[in-house]
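S.K.: Input: one structure, supplied below.
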Amino acid sequence: MSDKPSVLFVCVHNAGRSQMAAGWLRHLAGDAVEVRSAGSAPAETVNPAAVEAMREVGIDITDQTPKLLEYETAQSSDVIVTMGCGDACPVFPGKRYEDWKLEDPAGKGVEAVRPIRDDIRDRVRQLVRELVPGRA
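And the structure:
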């Protein structure tokens, strides 16, 4: 069992918002936080505009694959950040939950995804400050 906190990012398709958030958290926290992401109805691939927007800031998420949200993953996570998955995410007593209201990047070009990426970056920075003081 690890002492480092685990964060699960959940959105519907696990192809845009949650993948960008996971990329930011890996980038900003390094190995100080266990990073997870999943979707209630995962897509086949990560959104190409999200991949490109993250590439622009030096973060490669091309090796990521959308994953189905599993009960055990949520149950074993310390922090669960939802991004539009609604009631699909199970609720466990004692977990920290955040619901980030973010525009869905699905079907948008990289120009429209950049502000979403930057909003996610700012939220992840705050999360890192709280979980790993002095890291972000």
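Quick note, the sequence shown lines up with residues 1 to 136 if you use UniProt numbering.
Here a beta-carbon is modelled for each residue, glycine too, at the ideal position from N, C-alpha and C.
None of the values given here were measured: they were computed from a predicted structure.
Do the CB positions of V110 and A49 come within less than 8 Å of each other?
M.R.: Along the sequence shown, one-based indexing puts residue 110 at 110. Along the sequence shown, one-based indexing puts residue 49 at 49. Yes.
S.K.: Hey, quick one: how far does the beta strand (DSSP E) through D99 stretch, first residue to last?
M.R.: Residue mapping note: residue 99 aligns to position 99 of the sequence shown, counting from 1. D99 -> beta strand (DSSP E) spans R96 to D99.
S.K.: Just tell me which of R135, D104, A15 and P105 has its CA closest to the CA of P42.
M.R.: Position 42 of the sequence shown, counted from the start, is the residue given in the question as residue 42. It is A15 whose Cα lies nearest to the Cα of P42.
S.K.: Within 10 angstroms of the Cβ of P115, are there 16 or more other Cβ atoms? Answer buried if so, exposed if not.
M.R.: Sequence index remark: in the sequence shown, residue 115 carries index 115 (1-based). Classified as exposed, P115 has fewer than 16 neighbouring CB atoms from the shown chains inside 10 Å of its CB.
S.K.: Would the segment 93-104 and the segment 30-45 be scored as touching if the rule is three or more Cβ pairs under 8 Å?
M.R.: no
S.K.: Considering only C-alpha positions, which residue in the set V132, W100 and G134 is nearest to I120?
M.R.: Locating residue 120 in the sequence shown gives position 120, counting from the first residue. Closest by alpha carbon: W100.
S.K.: How would you call L28, buried or exposed, if buried means at least 16 neighbouring beta carbons within 10 angstroms?
M.R.: As a working note, residue 28 is residue 28 in the sequence shown. Buried: at least 16 other Cβ atoms inside 10 Å.
S.K.: Just how far apart, CA to CA, sit L25 and Q126?
M.R.: Mapped onto the sequence shown, residue 25 falls at position 25. Mapped onto the sequence shown, residue 126 falls at position 126. About 10 Å.
S.K.: How close, in whole Å, do the beta carbons of L8 and S37 come, if the pair is a contact with beta carbons under 8 Å?
M.R.: Translated into positions along the sequence shown, residue 8 becomes position 8. Translated into positions along the sequence shown, residue 37 becomes position 37. L8 to S37, Cβ: 7 Å. Contact.
S.K.: Tell me the start and end of each unbroken beta strand (DSSP E) in the segment 17-59 that is at least 3 residues and wholly inside, in chain order.
M.R.: 34-39
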